[in-house]
Structure formats: C-alpha cells, structure tokens
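I have placed the structure first, in the form of structure tokens, so that the comments after it can refer back to it.
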Amino acid sequence: MTQRSTPQQIPVVVLAGFLGSGKTTLLNHLLHRSGGSRIGAIVNDFGSIEIDAMAVAGALGDSTVSLGNGCLCCAVDASELDVYLERLARPSARIDVIVIEASGLAEPGELVRMILASEHPGIVYGGLVEVVDAAEFEETRARHPEIDRHLALADLVVVNKLDRRSDPDRVLGLVRSLTDRAAVVPATYGRLDPELLFECRPSEERVGQLSFDDLHRQDGNAGRDGHIDHVDHLHSAYDSLSFVSEVPLDPRRLMPFLDSRPEGLCRIKGYVDFGPHDPANRYSVHAVGRFLRFYPEPWGPAEERRTQLVLIGSGIDSAALAKELEACENDAPHADERGMWGVLRYVQDPEEQTGEEAVDGSDETVEAVERG
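Using this note's numbering, you'd call the opening residue of the sequence shown number 2 and step up by one each time.
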C-alpha cells in the first residue's frame, strides 16, 4: 500500500478478512505475480494445524513465518511481533514487502496498532487490506456487524468472488458506502494487481487516522492499564477443531458429513487422504457457508500421507464432530470404483483452474453445497 520511506525500511501490509474470504488465494497470487519483488509472509492460522501456512509453503522457503494455534492480535506485547519481523527484515533476506495474513477471526485494528507501536527500525506500516467475500457479504455482516468497523479502517478493500454474484454493482456500492475513502477493488480468485500494494500509498490524512493513538482511542475494550480485553474479539466466540488421521477417509462416508454440516460450522479447510480411492493425490478441501470445493494435488515423494483438517465454528460440538470424522475412516485396501463420484462433483475442471485459484473457485463448473 506504500513504498519504502527509506531504503532501510520495509513496508508491512496487513491482509485481513473474515473466514473464507480468500486471503490465502490472494497471497498466493501475489507470491506468483510479484514481478521480481520479494515478499515475506507471516501466516497467522486459527487452529493447531497450520493449514494456511501449508497452502503457501514452498513459495517463499525461509521467508515464511507461521504463527499457529491462536490469533496474532492476542500477542499484547508488540515486541513479540518484532521477533518475527526481525527474521524477515534482516538485510540478507532481501525482502521488499512483508505481508501479514491475519487469521479470519483477527481484529485488524489490533494488528495495525502493533505494527505502529513496533520499535523495529527496519519496518514501516504499509496499510490494511481487507478481503470481502462478495457471495456471503450480507450474511457475514448480519452475523458480525463489527465487519463494518474493519472496513472503515481499511486502506484497500478487495471484493473477492464477485463472479458469484448476479448483482455485482450492488454489492460493490454497499461495500463502498461502508469504507472511509478506501480504494474498493473487485476481484475473482483473489487476482489483485501487486502494484496496488506496492504503489498505492495511503494519504497523509489516512495515515493520521490510523495512528497508534487514534486506534487506541477507538478501541473501547482497552482497560485503564492499557491492556486489551480480547473477550469481545471475533475469535472469542469461535471454536476450532483440529482433526488428524493416519487412516484414509472413505469418500462415501465423508460426503454425507459435509452435506449435513451444522449451521454453526462456518469454515472447513485442510487436506484429505482418500487412500486407495486416489493413491496419487491428496485433496485440498475448502468450505465456507454453503460453498464447497475439492482440489486434487499430487503427493510429494517423501510426504507423509494423512488427513489434516481444521473446522471453525460458533457453538459447535467439537467432540461430536470429531466422532463423525473418525467414523469416516476406512483402511480397506481396495476402493469402490464409484466411491469418488460424490467428491468429484465438487472438483473444478482442471482446464479452467490455475495454481493460484486453488482456494476459491467458480460456481460455473461445479455444484455448491446447499443446505436447507
């Protein structure tokens, strides 16, 4: 969102957005379309299995820092963030810009405050990018009116998955009405021009509005001692279930589980091993709201074959969900030749999918899950 103010300072951009909005897709797009710029990424997952970090692994090597099992905004002492920024800001890394991909339940204002409060001489705040899921925007806003506050803080708003709306102009107009002079950019598959991040400098007025003192005054949860109470943060109302299985899952058992997932279960992400049903591939799975996609990915030569899933929701029965997933395990050596049909309904045509599209996808070639 800004260029370096001095040759020694690296801009730090916060990439935020609610669960399933497409932040990881956007980050992967930036990594593959950086035009020679070197991007350092701090990936902040909600859950003990760092699925988002796995999704960007390999793109940056040692330039990726993963903060799992919790929300970065809960590291009240800004010096804790400095530890990770120090790793990316060292001259030998030759980083041009640092992107913090916030957990889908993070408070953007907290992350911005931490960067502005940082005493690290090698970094400078580079702006807040808020990613919006156009397909689920009204429902998300109704459940979480605090999203309006997040949009008001943003410097750039990416309205993602716009291809899934029959009324794109209306949702764009609604989002613009909730921002404070931020640029609002339509997108599909998280395709954002990196130039928007590296050259779209926030105005002096905008920087003033996002100063540490202003943000501190805006937060009504700060106690007299300056400590931030996180009880009212988005993630305090959510639970996460991390499921790992060394036994392959049976697709005929898993699909009924996915089709009947409870209302409070709003996000599923991870990787599924279907064993003999497809020994060559693991299946990346992403579900948000009624939306479901599978993406086959070749197993690595030395990769450990297992299922790793993170389920995030409000008021969910984690123990019951874990038992349902365990009931999907099947170590039979042979596969039902029609067993994968249910899964393949939600796999996009490979000819219409590129690498950086492997999180969102389009409804044109695959049916979305409808609960009702």
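Yeah, the Cβ is synthetic: ideal placement off N, Cα and C, and Gly gets one too.
Distance, residue j Cα to residue i Cα
i	j	result
G23	A188	10 Å
L106	F138	15 Å
A153	A183	8 Å
G191	G343	27 Å
I11	Y296	35 Å
A17	P334	43 Å
M256	V172	32 Å
I43	H278	35 Å
R307	L28	25 Å
A90	Y126	13 Å
Q349	W300	19 Å
V245	S319	14 Å
L198	D134	19 Å
H145	H151	11 Å
V232	R339	With a pLDDT of 48 at V232, under the threshold of 50, the predicted position of this residue should be treated as unreliable, though the coordinate-derived value follows. Between V232 and R339, the C-alpha separation is close to 48 Å.
R294	R34	24 Å
A118	G110	12 Å
R114	H30	27 Å
H121	L112	15 Å
A328	R177	46 Å
P263	A288	12 Å
D168	G276	42 Å
G37	I116	25 Å
I317	L163	29 Å
A303	T26	26 Å
L345	G21	21 Å
R166	R88	41 Å
P195	E131	15 Å
A321	D170	42 Å
L32	P92	20 Å
D337	D181	55 Å
S261	E108	30 Å
Cβ-Cβ distance between residue i and residue j below 8 Å
i	j	result
I40	D97	yes
V158	I101	no
L179	D156	no
E305	F258	no
V193	V186	Note on residue identity: the sequence assigns Leu, not Val, to residue 193. Contact: yes.
N331	R254	yes
V160	L86	no
A143	L242	no
L250	V286	no
M341	P280	no
F19	A136	no
A103	N45	yes
I148	I124	no
Chain C contact for residue i (CB, 8 Å cutoff)
i	result
G23	No chain C appears in this structure, which consists of one protein chain only.
Sheet register partners of residue i (DSSP bridge)
i	result
E270	Note on identity: in this sequence residue 270 is Lys, with Glu being the wrong assignment. BP columns for K270 point to H287 and V311.
F244	L310
Y190	BP columns for Y190 are empty, so no partner.
E298	R283
I11	I124
E137	None, per the DSSP bridge assignment.
E147	According to DSSP, which records beta bridges pairwise, E147 is partnered with nothing at all.
V185	V158
E330	L250
For residue i, the first and last residue of its enclosing alpha helix (DSSP H)
i	result
N29	K24 to H33
E327	S319 to E327
D170	P169 to L179
L157	Per DSSP, L157 belongs to no alpha helix (DSSP H); it is in the beta strand (DSSP E), L157 to N161.
R254	P252 to D260
V426	Since the first and last residues shown for the chain are 2 and 373, residue 426 lies out of range.
Residue interval of the beta strand (DSSP E) (run including residue i)
i	result
I101	V98 to E102
E305	No beta strand (DSSP E) contains E305, which DSSP labels as neither H nor E.
A94	Run containing A94: none; DSSP gives neither H nor E here.
G41	I40 to N45
E131	I124 to D134
L1	The displayed coordinates of the chain run from 2 to 373. Any statement about residue 1 would go beyond what the structure contains.
L117	Not the beta strand (DSSP E): L117 falls in the alpha helix (DSSP H), residues P109 to A118.
At least three beta-carbon pairs within less than 8 Å, the region 267 to 279 to the region 305 to 318: yes
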